[in-house]
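Counting from 1, position 75 in the sequence shown corresponds to residue 1143 in the numbering used here; the numbering is continuous, with no gaps. The beta carbon of each residue, even a glycine, is placed where N, CA and C say it ideally should be.
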Amino acid sequence: MSKIRAEVIVHGRVQGVFFRQSTLETARALELTGRVRNCPDGTVAAIFEGEGDRVREAVEWCHHGPPAARVNNVEVDWQDYRGEFDCFKIGY
């Protein structure tokens, strides 16, 4: 299985609803590396790296997020795997 990377920006009511923590838990359960952070414009940005099917599953999860979130749009930039991270974390 080949590894890939996805950079994601999630729009909607995604801050203050445990989106980052839920993304962390989802990514770790899928054994992905990367990060998730809140952005000043109210979006949430994430980078997922790992096995292709698992990255795609994490991106699909971002389309609904945790129960309190209301996702309006998800932008995805599919990229080549870089191996930039050693774990998945919240922050820059």
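- Taking the Cβ atoms as the reference, residue 1103 lies roughly 14 Å from residue 1151, outside the contact range of under 8 Å.
- Apart from the 5 residues on each side of it in sequence, residue 1123 sits with its Cβ closer than 6 Å to the Cβ of 1072, 1074 and 1116 in its chain, given in chain order.
- Residue pairing of residue 1145 in beta bridges, as defined by DSSP: 1075.
- When 1100, 1107, 1070 and 1099 are compared, the shortest CA-CA separation from residue 1080 is found for 1107.
- Beta-bridge annotation (DSSP): residue 1106 is paired with 1112.
- In this structure, residue 1144 lies near residue 1127, with their beta-carbon atoms less than 9 Å apart.
- Within the DSSP bridge table, the entry for residue 1150 names no partner.
- Residue 1086 and residue 1097 have their alpha carbons spaced roughly 16 Å apart.
- Contact annotation: residue 1137 and residue 1114 have beta-carbon atoms that are not nearer than 9 Å.
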